[in-house]
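*Asks:*
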Amino acid sequence: MNILVINTGSSSLKFRLFNYDDLKLRANGLVERIGEAKSDFKMEWNGTVKKTNIEAADHKAAFQVVINELLSPECGLIKDVSDIKIVGHRVVHGAEKFLKTTIINDDVIEQLKECIPLAPLHNPPNLMGITAAKEVMADGVPHVAVFDTAFHSTMERESYLYALPYSYYEKYSVRRYGFHGTSHKFVSQRLCEILGQGPEGLKVVTCHLGNGSSLAAVKDGKSIDTSMGMTPLEGVVMGTRSGDFDPAIIKYIMDTEGKSIDDVDKVINKQSGLLGISGISNDIRDVEDEAEKGHERANLALDVFCYRIKKYVGAYAAAMGGLTDIIFTAGIGENDPIVRRKVCSNMEFLGISIDLENNELRKTERTISTPDSKVRVWIIPTDEELMIAREAKEVVESTVAVGK
Ligand code: AMP
16 MNILVINTGS
26 SSLKFRLFNY
36 DDLKLRANGL
46 VERIGEAKSD
56 FKMEWNGTVK
66 KTNIEAADHK
76 AAFQVVINEL
86 LSPECGLIKD
96 VSDIKIVGHR
106 VVHGAEKFLK
116 TTIINDDVIE
126 QLKECIPLAP
136 LHNPPNLMGI
146 TAAKEVMADG
156 VPHVAVFDTA
166 FHSTMERESY
176 LYALPYSYYE
186 KYSVRRYGFH
196 GTSHKFVSQR
206 LCEILGQGPE
216 GLKVVTCHLG
226 NGSSLAAVKD
236 GKSIDTSMGM
246 TPLEGVVMGT
256 RSGDFDPAII
266 KYIMDTEGKS
276 IDDVDKVINK
286 QSGLLGISGI
296 SNDIRDVEDE
306 AEKGHERANL
316 ALDVFCYRIK
326 KYVGAYAAAM
336 GGLTDIIFTA
346 GIGENDPIVR
356 RKVCSNMEFL
366 GISIDLENNE
376 LRKTERTIST
386 PDSKVRVWII
396 PTDEELMIAR
406 EAKEVVESTV
416 AVGK
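Oh and the sequence shown: position 84 is 99 in my numbering, straight run, nothing missing.
#1: At the level of alpha carbons, what is the spacing between Leu127 and Asn141?
#2: Closer than 7 Å: is that where the CB of Asn22 sits relative to any heavy atom of the ligand AMP?
#3: By a C-beta neighbour count over all protein chains shown, 10 Å radius and 16 as the cutoff for buried, is Val161 buried or exposed?
#4: Closer than 7 Å to a non-hydrogen atom of the ligand AMP - does that hold for the CB of Asn284?
#5: Would you check if the distance between the CB atom of Leu38 and the CB atom of Leu401 is smaller than 8 Å?
#6: Please report the distance separating the alpha-carbon of Glu171 from that of Asn61.
#7: Given 7 Å as the limit, tell me if Asn6 has its C-beta closer than that to any heavy atom belonging to the ligand AMP.
#8: Among all the DSSP beta bridges, which residues are the ones paired with Gly44?
#9: Between the Cα of Ile82 and those of Val102, Asp270, Thr385, spot the shortest distance and give me the residue it belongs to.
#10: Here's the rule: buried if 16 or more other CB atoms are within 10 angstroms of the residue's CB, otherwise exposed. What is Arg405?
#11: Counting C-beta neighbours from all protein chains within 10 Å, is the total for Val64 16 or more, i.e. buried, or is it exposed?
#12: Please go through the same chain and pick out, in chain order, the residues whose beta-carbon is closer than 6 Å to the beta-carbon of Met335, but skip the five residues on each side of it.
#13: From Gly337, Leu376, Thr339, pick the residue whose C-alpha is nearest to that of Arg356; which is it?
#14: Rank Gly294, Met58, Ile118, Glu363 by C-alpha distance to the C-alpha of Val410 and give the top, closest one.
#15: Note down, in chain order, each residue of its chain lying with its Cβ closer than 6 Å to the Cβ of Gly418, except the 5 sequence neighbours on either side.
#16: Is it true that the CB of Phe56 sits closer than 8 Å to the CB of Val20?
#17: So does Gly309 have its beta carbon nearer than 7 Å to some heavy atom of the ligand AMP?
#18: What does DSSP give as the partner residue(s) for Ala232 in the beta ladder?
#19: Leu224 and Ile347 - do their beta-carbons sit closer together than 8 Å?
#20: Check Phe343 in the structure and name its three-state DSSP category.
#21: What did DSSP end up calling His199 once you bin it into helix, strand or coil?
#22: Go to Leu317, then tell me how far its alpha helix (DSSP H) extends in each direction, as first and last residue.
#23: Helix, strand or coil for Arg391, going by three-state DSSP, please let me know.
#24: Between the Cα of Gly213 and the Cα atoms of Thr271, Lys94, Ala165, Gly236, which residue gives the shortest distance?
#25: Taking 7 Å as the line, does the beta carbon of Gly216 fall inside it for any heavy atom of the ligand AMP?
#26: Based on DSSP bridge pairs, tell me the residues matched to Val161.
#27: Output the distance between the C-alpha atoms of Gln286 and Thr414, rounded to the nearest integer angstrom.
#28: Tell me which residue opens and which closes the alpha helix (DSSP H) that Val282 is part of.
#29: Using only the heavy atoms of the ligand AMP, determine whether one of them is closer than 7 Å to the beta carbon of Ile299.
#30: Quick check: Met274 and Ile268, are their CB atoms within less than 8 Å of each other?
#31: Below 8 Å on the Cβ atoms is my guess for Ile341 versus Trp393; work out the distance and round it to an integer in Å.
#32: Would the region 322–336 count as touching the region 202–216 if we require 3 or more Cβ pairs under 8 Å?
#33: Are three or more beta carbon pairs between the region 138–154 and the region 186–205 nearer than 8 Å?
#34: Tell me whether Asp277 counts as near the ligand AMP, meaning its Cβ is closer than 7 Å to at least one heavy atom of that ligand.
#35: Hey, Cys130 and His108 are a contact pair by Cβ (cut 8 Å); roughly how many whole angstroms apart?
In structure tokens form, the structure reads like this:
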């Protein structure tokens, strides 16, 4: 028996198949360029990699291809669609409606549609994935929504309210929600497993640094603050997103350059961040390559990127009244020693000291702090899909009887 996890974007569908009992990964893959004349399909299982072109006019067709491939004699991971017991769906924005992992029914779908104005880019493709999977799978298979925002629902009002007219919050739900919750939760729980203890007493800053980046202050296992806001634009510097900046700049640029609000929105989401400052790339590897050759703005982009993260670490130590652990995760957090070194430099006053040699090693999960560092510093690879499978299984088992 299996759990299938899917994560849909506007033209993509990522999937992972997990064994039901022990949640071991059995297959993973993706469909890209959905809606184009030819779509790309890739799947890996048992050391085999299959890449092919397929026809996928929409997400339903793409999902059907995934199921057909899993059923195919070549792959043979499932014998019948009924071998998939649960489908877990990543949903970006749950607003204040969904504070935890939720089994999807018609009412939930209606409420998800009501969340679209808060996440117009992310929630519609997530909904397309849900609709597609429900149409292809047999009736009675539970579909479960796991929300990026849910882990941060423990934030207090002092951290989630913007100092705007209170009526905006009351009427339009304008507040900070935070994202990457599945990742922040996964790595903070993994830390407890490594330490062999519960979350009580831990004051952890989790740094999810990837294509999008966010930090969270996780106290006693609960998120008390996080750097992203009502949308994923707020917070630290990202590949193409600005992160925090003075909102008055929007009007200034509109007036000065005669830009429309949509133009400026595009600038702050797609043309800023590492790309905006460096003028080179949104990928930190390219920026670092140029910085090493002495490219001034590449160096500047790296400095701003790391300085902003450092500031958040300090702020969250203050918010939690101390700091026991820092976790680096996601594409940059797991793989980039330069960023980790710059973020942790001159932080001895907070009890942070990292072993520079260990920091450089190409190894996975480990601590990189020195033995005498008061704060433990970790690299913990994230696994959002596994977390989705785990949560989906938990909620289904606690709600309905599942035949294994
Ligand atoms: P993610 O969103 O977690 O998949 O992270 C993707 C980002 O991680 C990419 O855009 C790169 O900037 C970064 N990344 C991936 N591999 C490396 C690496 N080996 N060194 C530095 N950065 C990396």
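For glycine and all other residues, C-beta sits at the position ideal for the given N, C-alpha and C.
*Replies:* A quick look at the data gives this:
#1: By 1-based counting over the sequence shown, the position of residue 127 is 112. By 1-based counting over the sequence shown, the position of residue 141 is 126. Whole-angstrom Cα-Cα distance: 9 Å.
#2: The count along the sequence shown starts at 1 and reaches residue 22 at position 7. No.
#3: The count along the sequence shown starts at 1 and reaches residue 161 at position 146. Flag for Val161 reads buried.
#4: The count along the sequence shown starts at 1 and reaches residue 284 at position 269. The answer is no for Asn284.
#5: For the purposes of this step, residue 38 is taken as residue 23 along the sequence shown, with counting starting at 1. For the purposes of this step, residue 401 is taken as residue 386 along the sequence shown, with counting starting at 1. For Leu38 and Leu401, yes; Cβs fall inside 8 Å.
#6: Residue mapping note: residue 171 aligns to position 156 of the sequence shown, counting from 1. Residue mapping note: residue 61 aligns to position 46 of the sequence shown, counting from 1. Approximately 45 Å between the Cα atoms of the pair.
#7: Past the edges of the chain, shown from 16 to 419, lies residue 6, and the structure says nothing about it.
#8: Within the sequence shown, the letter at position 29 stands for residue 44. Partner(s): Phe30, Met58.
#9: Residue 82 sits at position 67 when you count from the first residue of the sequence shown. Answer by Cα proximity: Val102.
#10: What you label residue 405 is simply residue 390 of the sequence shown in a count that begins at 1. By the 10 Å Cβ count, Arg405 comes out buried.
#11: In the sequence shown, counting from the first residue as 1, residue 64 sits at position 49. Exposed.
#12: Numbered from its first residue, the sequence shown carries residue 335 at position 320. The beta carbon of Met335 sits closer than 6 Å to those of Lys218, Ala232, Lys234, all from its chain and outside the five residues before and after it, given in chain order.
#13: Start at 1 with the first residue of the sequence shown, and residue 356 comes out as number 341. The alpha carbon of Arg356 has as its nearest neighbour, out of Gly337, Leu376, Thr339, the alpha carbon of Leu376.
#14: Here the question's residue 410 lines up with position 395 in the sequence shown. For the residues Gly294, Met58, Ile118, Glu363, the minimum Cα distance to Val410 belongs to Ile118.
#15: Mapped onto the sequence shown, residue 418 falls at position 403. The predicted position of Gly418 is uncertain, since its pLDDT is 49 and thus under 50; a value taken from the coordinates is nonetheless stated next. So no residue of the chain qualifies.
#16: Against the sequence shown, residue 20 aligns to sequence position 5. Against the sequence shown, residue 56 aligns to sequence position 41. No; because the gap between Cβ atoms is not below 8 Å, this pair is not in contact.
#17: Position 294 of the sequence shown, counting from 1, holds the residue named residue 309. Not one heavy atom of the ligand AMP falls within 7 Å of the beta-carbon of Gly309.
#18: Here residue 232 refers to the residue found at position 217 when the sequence shown is read from its first residue. When beta bridges are read from the DSSP output, Ala232 appears opposite Val220, Asp240.
#19: If you number the sequence shown from 1, residue 347 lands on position 332. If you number the sequence shown from 1, residue 224 lands on position 209. Contact: yes.
#20: Residue mapping note: residue 343 aligns to position 328 of the sequence shown, counting from 1. Of the three classes helix, strand and coil, the one that applies to Phe343 here is strand, per DSSP.
#21: Start at 1 with the first residue of the sequence shown, and residue 199 comes out as number 184. In the structure shown, His199 sits in a helix (DSSP, three-state: H, G or I).
#22: Sequence index remark: in the sequence shown, residue 317 carries index 302 (1-based). Looking at the DSSP string, the run of the alpha helix (DSSP H) that includes Leu317 is 311–335.
#23: Position 376 of the sequence shown, counted from the start, is the residue given in the question as residue 391. Of the three classes helix, strand and coil, the one that applies to Arg391 here is strand, per DSSP.
#24: Stepping through the sequence shown from its first residue, residue 213 is reached at position 198. Comparing Cα positions, the closest option is Gly236.
#25: Residue 216 sits at position 201 when you count from the first residue of the sequence shown. Incorrect: Gly216 has no Cβ contact closer than 7 Å to the ligand AMP.
#26: As a first step, residue 161 is located in the sequence shown; it is residue number 146 there, counting from the start. Arg105.
#27: Along the sequence shown, one-based indexing puts residue 286 at 271. Along the sequence shown, one-based indexing puts residue 414 at 399. Approximately 45 Å, taken between the alpha carbons.
#28: In the sequence shown, residue 282 corresponds to position 267, counting from 1. Taken as a continuous stretch (DSSP letters only), the alpha helix (DSSP H) holding Val282 covers 276–285.
#29: Position 284 of the sequence shown holds residue 299. Answer for Ile299: yes, Cβ within range of the ligand AMP.
#30: Position 259 of the sequence shown, counted from the start, is the residue given in the question as residue 274. Position 253 of the sequence shown, counted from the start, is the residue given in the question as residue 268. Reading off the sequence, residue 274 comes out as Lys, not Met. Their beta carbons are under 8 Å apart, which means Lys274 touches Ile268 by this criterion.
#31: Taking the first residue of the sequence shown as 1, we reach residue 341 at position 326. Taking the first residue of the sequence shown as 1, we reach residue 393 at position 378. That pair is a contact at about 7 Å.
#32: Judged by Cβ distances under 8 Å, the region 322–336 makes no contact with the region 202–216, as fewer than three pairs qualify.
#33: Contact between the region 138–154 and the region 186–205 is absent: fewer than 3 CB-CB pairs across the two stretches fall below 8 Å.
#34: Here residue 277 refers to the residue found at position 262 when the sequence shown is read from its first residue. Not under cutoff, so the answer is no.
#35: The residue given as residue 130 occupies position 115 in the sequence shown. The residue given as residue 108 occupies position 93 in the sequence shown. With a Cβ gap of about 5 Å, Cys130 and His108 count as contacting.
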